[in-house]
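Those protein sequence lines, which keep their order, are chains A and B.
Each residue of the first sequence is one higher than the one before, counting from 1 in this note's numbering.
Each residue of the second sequence is one higher than the one before, counting from 1001 in this note's numbering.
C-beta: ideal position from N, C-alpha, C; glycine also.
All values derive from a computational prediction rather than experimental measurement.
Reviewing the structure listed below.
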Amino acid sequence: MSLAKRIIPCLDVDQGRVVKGVNFVGIRDAGDPIEIARRYNDAGADEITFLDITASHEQRDTTYRTVEQIASQVFIPLTVGGGVRAVTDIRRLLNAGADKVSINTAATFNPDFVRESAERFGSQCIVVAMDVKALDNGSGRHELFTHGGRKPTGIEAIEWAQKMADFGAGEILLTSMDRDGTKDGYDLPITRAISDAVDIPVIASGGVGTLDHLVAGFTKGGADAVLAASIFHFGTYTVAEAKAHLAQSGIAIRW
Amino acid sequence: MSARPRQCHQPKAFYNSMTQTVAVIDYGMGNLHSVESALREAGASDVVVTADAETILAAGRIVFPGVGAIRDCLAEFRRLGCDTTLRLAVERGTPVLGICVGMQSLMARSEENGGVDCLGFFNGTVMRFPRNHSDIDGTKLKVPHMGWNQVSQNQNHPLWDGIADNAYFYFVHSFFLPEAESDFVAGSFDYGIKGSAAIAKGNVFATQFHPEKSHDNGLKLLANFLTWDGTC
């Protein structure tokens, strides 16, 4: 008996519609986040992450309504990230039914925002998302980026992860910008280094192309959960196939 | 399952079959939307989210949820008089389901926030997972204990009906009730150390995990709660 490793499909949502497409067999509306979340829920996903990429803050009401509808129909944990800048954003998302909220850029500009949020709402619902890139100098070190990986911060990734854990983050969502979209697999060295450096769970993200990449995320990367988007969205693999493969590889998963 | 001892420490409770209302105690400490939605999905026709004593005492069953820091939770709970209300309801035999910090609040004490006296419905002290926590094979174990873990059913109970032994439920917590702390453990989990996943005494059942986030197993447990008469 042990804690199962988690598989987390991720949806990119813009103004209440899933973007980057989802290609399930038989799905009626590939843009409907509620239907897609239900499908993942039924397929055995352990959690769902919903990344809100709505550019305008004024259009956020759609986001809250979508979160509300998902939360009333999907009975597994739901994490919502993207554009979370203030305590009021967190409160509104939690009240809408999110179980966890992911903070990214705002944490970099104001680390105390993470501390304040964790004190107010509890560490269990505060995820810090980190977008990292390997430095070009061959040092093996990684730098934190913001704004969807466009802006370098000069902050070293491992130190940042430790600081965020000290500030009360309950979990780290680590995305390799070098690997994101490549299908070459997770950046295992930085995933392992951060997982070893902090006591809180780490979710590996960015680069999954095969089921063996998921296995490596756990065995070599030391991740507690793996996030994937395109391999599930485009029907390359089902969540059940991923779980069967992980189980065959000796990884504890939930059936 | 039938070989396991039943633990009944209270006389058969009287059960108010007149009302099927479920009261979810709202003491202002976070989102209760998920609990309410899951109760409805599990078959509850009438769910009220409230701190009002009369409404709670009129309900057929009561859910005591909780997230966040236990000191703040208990301070609000007491300030609103919910401790007195809950005590009355428990004495009357109304079925009660505690969830997460709700379960921890029912214990005598918690080490969280430097040490807090809790409501004392059960003996036992809630503790933090050890620093640098690891499994017997040396594998590092992260805290919070976050994710799906198996629950071993220590005793028969109506709330486990139709749920397999060692079924998975969703946990997220940094403090826990060690199994050895309580005589009323109804289910346990293993995370490098044995913890209480559920406790039960008379008309009170409480879970460390979140049934409202535990998919089919969680919905089944909630459905069992909705038909439970408060006896075991």
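- Here the region 1139-1147 of chain B lies against the region 1170-1186 of chain B, with 3 or more beta-carbon pairs under 8 Å apart.
- When C-alpha distances from A:Q69 are compared across A:R92, A:I34, A:D136, the shortest belongs to A:I34.
- Check the Cα spacing between A:E47 and each of A:T191, A:V74, A:R60: the tightest is with A:V74.
- E119, R120, F121, G122, S123, Q124, C125: these are the residues of the region 110-140 of chain A whose beta carbon lies less than 9 Å from some beta carbon of chain B, given in chain order.
- Leaving aside the five residues that flank B:S1037 on each side, the residues in its chain whose CB is nearer than 8 Å to its CB run, in chain order, E1212.
- Contact residues of the region 1066-1078 of chain B toward chain A are V1067, G1068, A1069 (C-beta to C-beta distance below 7 Å).
- By the beta-carbon neighbour count (other beta carbons within 10 angstroms, threshold 16), B:T1207 is buried.
- Relative to the Cα of B:D1216, the nearest Cα in the group B:S1196, B:F1205, B:G1162 belongs to B:G1162.
- Nearest Cα to B:S1105 within the set B:H1157, B:G1068, B:S1214, B:N1132: B:G1068.
- Unbroken alpha helix (DSSP H) stretches of 4 residues or longer found wholly inside the region 1185-1229 of chain B: 1215-1227, given in chain order.
- Among the bridge pairs identified by DSSP, A:L173 is matched with A:A129, A:I203.
- B:Y1168 has B:Q1150 as its beta-bridge partners, per DSSP.
- DSSP places A:T79 in the uninterrupted beta strand (DSSP E) bounded by 78-81.
- Judged by beta-carbon spacing, A:H147 lies within the 8 Å limit of A:T105, meaning their Cβ atoms are closer than that value.
- In this structure the region 88-102 of chain A does not touch the region 132-140 of chain A; the number of beta carbon pairs closer than 8 Å is below three.
- Pairing B:Y1027 with A:I53, the inter-Cα distance amounts to about 33 Å.
- In this structure, B:I1056 and B:T1085 form a Cβ contact; the two beta carbons are roughly 5 Å apart against a cut-off of 8 Å.
- Excluding sequence positions up to five before and after A:E156, its CB lies within less than 8 Å of the CB of R141, H142, E143, L144, all in the same chain and listed in chain order.
- Setting aside the 5 residues that flank it on each side, B:E1179 is surrounded in the same chain by V1185, S1188, K1194, G1195, S1196, each with a C-beta closer than 7 Å to its C-beta; the list follows chain order.
- The criterion of a C-beta distance shorter than 8 Å is satisfied by A:A45 and A:I76.
- Secondary structure of A:I103 (DSSP, three-state): strand.
- The Cβ-Cβ distance between B:F1176 and B:F1129 falls below 8 Å.
- Proximity of A:A71 to chain B, defined by a Cβ-Cβ separation below 8 Å, is satisfied.
- Annotation: A:D29 has no Cβ neighbours in chain B at a cutoff of 9 Å; minimum Cβ distance is about 22 Å.
- When C-beta atoms of the region 168-180 of chain A are compared with those of the region 193-209 of chain A, three or more pairs fall below 8 Å, so the two segments count as touching.
- Residues of the same chain with a CB within less than 7 Å of the CB of B:N1154, apart from the 5 flanking positions on each side, are V1185, A1186, G1187, S1188 in chain order.
- The beta carbon of B:K1213 falls within 8 Å of a beta carbon belonging to chain A, placing the residue at that interface.
- About 5 Å separates the CB atoms of A:V128 and A:A107; that is less than 8 Å, so the two are in contact.
- The beta carbons of B:D1072 and B:M1029 sit closer together than 8 Å.
- Annotated three-state conformation of B:L1074 is helix, per DSSP.
- Using a CB distance cut-off of 8 Å, A:E171 counts as an interface residue toward chain B.
- DSSP places A:A118 in the uninterrupted alpha helix (DSSP H) bounded by 112-121.
- If you look at A:P9, you'll find it isn't in any alpha helix (DSSP H); it sits in the beta strand (DSSP E) that goes 6-14.
- For B:V1090, the closest C-alpha among the options B:R1079, B:F1121, B:G1081 is that of B:F1121.
- About 5 Å separates the Cβ atoms of B:L1159 and B:N1224, confirming a contact at the 8 Å cut-off.
- Under the Cβ distance rule, A:L214 does not count among the residues neighbouring chain B, no pair being separated by less than 8 Å.
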